[in-house]
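I have placed the structure first, in the form of structure tokens, so that the comments after it can refer back to it.
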Amino acid sequence: MLQNQQPFLYALSFILFFIFILSLFGQGEIVFLAAKNLRKNYRRTLILLCVIITALTGLIEFFGFASNSIWNLREITIKNGLGHIQLYQKGYHQATLPDRIQYNIQNYHELHSLISQETFLQKHILGISGELSFAGLVAGHGKSTIFVGKGVDTENYQFLSSSDALVQGKLLESADEITERKSQELLEEFEGMFDAFPLPGEKQKENVRSAWKSISPERKEIDSPPALDDVLLGQGLAETLGAKIGDTLTVVIATRSGALNALDVNVRGIIRGFTKEYNDTILKMPLKFAWKLMGEEHVSRIAMMLQKTENTDAVHTYLQDFLRQKNLMLETSLWIEEADIYKKVNALYHAIFGAISFIILLISIFSIGNTMLMSVMERVPEIGTLRSLGQTKAGILRLFLVEGFLIGLLGGILSILMGIAVSLFVNHVLQGIPMPPPPTGGTSYRAYLLVIDYPVVWAAAFNLSVVSSFLSTLWPSYKAANMEIVDCLRHS
Numbered sequence: 030m031l032q033n034q035q036p037f038l039y040a041l042s043f044i045l046f047f048i049f050i051l052s053l054f055g056q057g058e059i060v061f062l063a064a065k066n067l068r069k070n071y072r073r074t075l076i077l078l079c080v081i082i083t084a085l086t087g088l089i090e091f092f093g094f095a096s097n098s099i100w101n102l103r104e105i106t107i108k109n110g111l112g113h114i115q116l117y118q119k120g121y122h123q124a125t126l127p128d129r130i131q132y133n134i135q136n137y138h139e140l141h142s143l144i145s146q147e148t149f150l151q152k153h154i155l156g157i158s159g160e161l162s163f164a165g166l167v168a169g170h171g172k173s174t175i176f177v178g179k180g181v182d183t184e185n186y187q188f189l190s191s192s193d194a195l196v197q198g199k200l201l202e203s204a205d206e207i208t209e210r211k212s213q214e215l216l217e218e219f220e221g222m223f224d225a226f227p228l229p230g231e232k233q234k235e236n237v238r239s240a241w242k243s244i245s246p247e248r249k250e251i252d253s254p255p256a257l258d259d260v261l262l263g264q265g266l267a268e269t270l271g272a273k274i275g276d277t278l279t280v281v282i283a284t285r286s287g288a289l290n291a292l293d294v295n296v297r298g299i300i301r302g303f304t305k306e307y308n309d310t311i312l313k314m315p316l317k318f319a320w321k322l323m324g325e326e327h328v329s330r331i332a333m334m335l336q337k338t339e340n341t342d343a344v345h346t347y348l349q350d351f352l353r354q355k356n357l358m359l360e361t362s363l364w365i366e367e368a369d370i371y372k373k374v375n376a377l378y379h380a381i382f383g384a385i386s387f388i389i390l391l392i393s394i395f396s397i398g399n400t401m402l403m404s405v406m407e408r409v410p411e412i413g414t415l416r417s418l419g420q421t422k423a424g425i426l427r428l429f430l431v432e433g434f435l436i437g438l439l440g441g442i443l444s445i446l447m448g449i450a451v452s453l454f455v456n457h458v459l460q461g462i463p464m465p466p467p468p469t470g471g472t473s474y475r476a477y478l479l480v481i482d483y484p485v486v487w488a489a490a491f492n493l494s495v496v497s498s499f500l501s502t503l504w505p506s507y508k509a510a511n512m513e514i515v516d517c518l519r520h521s
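Numbers in the numbering used here are just positions in the sequence shown, counted from 1, shifted up by 29.
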């Protein structure tokens with residue numbers, strides 16, 4: 030959060046400190062007198078500091094919580110199969126959804142080798158994986174339902190699926206062999222169908238037995254070696270089908286030409302993602318088997334996982350230039366361009382943070398303004414004495430403004446220290462904040478307060494403290510500066 034406002038916040042903090050330093054050298058006497066007045070009225074000063082520290086500490090901790098939520102959502106979005114950067118065939122995004130299969134990338138292996146061997150990209154890329162997206166029907170145990178299929182490169186896909194939790198079984202591994210399936214005899218189930226149509230010969234039952242074979246295979250052992258037709262099911266999809274590890278299911282899809290194709294698959298593992306929709310529909314299989322199912326070798330996209338999300342823009346710019354130099358008919362896309370949920374949540378948190386900041390600003394202005402106005406009324410004789418000794422209206426105005434500035438300066442620094450202390454206590458002593466599962470599903474988790482690694486919130490809190498304190502002293506300072514000397518001296 031606040032990445033876009035970061036230069037402004039840092040610049041404003043520097044300007045405020047610069048003004049304070051200039052005041053020490055140019056108006057040192059007034060600064061010293063203002064500090065002495067704050068120390069003299071220490072009870073009132075403590076009340077003001079408590080108001081500022083309490084409000085801004087809450088703001089800092091909310092920022093830390095929101096930053097943690099957004100950071101988690103960002104990383105989960107990227108690691109849930111999206112990747113930092115995606116490569117598509119030109120025209121893929123402009124095509125309608127049913128026609129996108131016509132814009133699949135054909136030369137996946139050549140592109141993978143070409144990108145992997147580039148020196149600059151090697152430094153930043155964690156993994157490259159092709160993905161073939163499709164949808165269809167999956168059936169088993171007398172039930173069927175729709176699924177969203179992904180053919181994944183078994184050697185690299187784990188970089189893009191690190192947010193998937195393995196509930197049961199094992200992950201996909203590289204293999205070339207397909208599971209051998211033995212049919213089981215179910216003579217008793219079909220024997221009555223042949224009573225009216227006896228088969229010739231003496232061994233009628235043997236002929237019936239050889240004519241009818243079940244298409245239900247034996248269950249594969251959990252510890253069996255990996256096979257090309259292994260698949261991973263989402264937890265919700267497995268529960269819908271009643272599928273268990275080692276079961277055989279049948280998937281039916283439409284190829285690019287429109288023909289239907291069906292193959293048996295083996296359930297090797299059950300996974301759980303971050304959202305309920307994902308868990309209820311996802312079915313992952315090796316890319317080679319997906320090619321066998323689709324009847325041709327192509328991928329929908331190539332996803333690139335970087336070592337650091339912060340390097341995304343630099344790598345993306347370099348990759349675009351690299352593709353142009355190689356005259357490759359590919360287009361690129363950043364993860365944030367396809368992360369609609371992330372953008373909506375991020376916008377929501379920014380709106381909430383802005384609203385809370387505005388409320389805290391108003392509370393601080395009214396609280397500090399009220400206290401400073403009370404201070405002015407209590408110090409009327411003091412103001413009259415200063416005026417009678419030659420102090421000008423401008424001098425009185427500067428004195429109260431500097432007092433407000435010092436309160437804001439001290440309150441901002443103490444708020445930052447208190448915010449850091451609270452975040453350390455929550456993160457290391459309490460081990461985070463237990464959170465329920467999100468509305469979209471998934472599991473419970475522990476939230477942390479990201480404060481130490483985000484100095485931009487320090488700048489925001491400091492600026493808010495100084496600005497609110499300074500603004501709240503404008504009216505009391507003006508009122509004090511315009512008091513008549515005679516009225517001040519006879520005030521009791």
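Don't be surprised by glycine CBs; every beta carbon is placed ideally from N, CA and C. Remember, predicted model here, so these are calculated numbers, not experimental data.
- By the Cβ-count criterion, H327 is buried, with 16 or more other Cβ atoms from all chains shown falling within 10 Å of its own Cβ.
- V495 and G441 have their C-alpha atoms some 7 Å from each other.
- Excluding five sequence positions before and after Q336, the CB atoms of its chain that fall closer than 7 Å to its own CB belong to H153 and L155, given in chain order.
- In this structure, the alpha-carbon of Y474 lies about 46 Å from that of L67.
- For G178, the enclosing beta strand (DSSP E) has its first and last residue at K172 to V181.
- If you draw a straight line from the Cα of K508 to the Cα of S497, it is about 18 Å long.
- The shortest CA-to-CA distance from Q187 to any of P315, D482 and P484 is the one to P315.
- Remark: C-beta atoms of S162 and K108 do not approach each other more closely than 8 Å.
- As far as DSSP is concerned, K152 takes part in no beta bridge.
- Note that the C-beta distance between G180 and E160 is below 8 Å.
- Taking a cut-off of 8 Å for Cβ pairs, the segment 353 to 360 and the segment 89 to 98 do not touch, as fewer than three such pairs fall below it.
- Counting along the chain, D258 sits inside no beta strand (DSSP E), nor does DSSP assign it H or E at all.
- Put simply, the backbone Cα of V296 is about 53 Å away from that of L85.
- Cβ-Cβ distances below 6 Å link V455 to L478 in the same chain, with the five nearest sequence neighbours on each side left out; the list follows chain order.
- If you draw a 10 Å sphere on the C-beta of P465, you find fewer than 16 other C-beta atoms in it, and that means exposed.
- Less than 8 Å divides the Cβ of Q264 from the Cβ of R301.
- Taking H113 as the centre and dropping the five residues before and after it, the same chain places the C-beta of I107, M333, M334, L335, T338, T341 and W364 closer than 7 Å to its C-beta, in chain order.
- DSSP links I76 through a beta bridge to no other residue.
- Under the 10 Å beta carbon count, F499 is surrounded by 16 or more other beta carbons and is classified as buried.
- Beta-bridge partners assigned by DSSP to S162: K179.
- When DSSP reads this structure, N290 sits in a beta bridge with I282.
- Taking C-beta atoms as the reference points, I389 and L493 count as a pair closer than 8 Å.
- Per DSSP, reduced to three states, the secondary structure at S473 is coil, with no helix or strand assignment.
- With fewer than 16 other Cβ atoms from the protein chains shown falling within 10 Å of its own Cβ, Q151 counts as exposed.
- For V196 and G298, the gap between their C-alpha atoms comes out near 8 Å.
- The beta-carbon distance between V177 and L270, rounded to whole angstroms, is 14 Å. This is too long to meet the 8 Å contact definition.
- With respect to L322, V280 sits close: the two C-beta atoms are nearer than 8 Å.
- Judged by DSSP secondary structure, A423 falls within the alpha helix (DSSP H) whose first and last residues are K422 to L453.
- Around the CB of F395, fewer than 16 other CB atoms lie within 10 Å, so the residue is classed as exposed.
- Shown here for V486: same chain residues with a beta carbon closer than 6 Å to its own, the five before and five after excluded, namely I89 and F92 in chain order.
- Cα atoms of Y117 and K317: separation of roughly 19 Å, rounded to the nearest angstrom.
- The C-beta separation of L266 from D309 comes to about 6 Å, placing the pair in contact by the 8 Å criterion.
- Exposed is the label assigned to R285, since fewer than 16 other Cβ atoms lie within 10 Å of its Cβ.
- In the three-state DSSP reduction, E139 falls in the helix class (H, G or I).
- The beta carbons of L111 and A368 sit closer together than 8 Å.
- The C-alpha of L278 is placed about 11 Å away from the C-alpha of L262.
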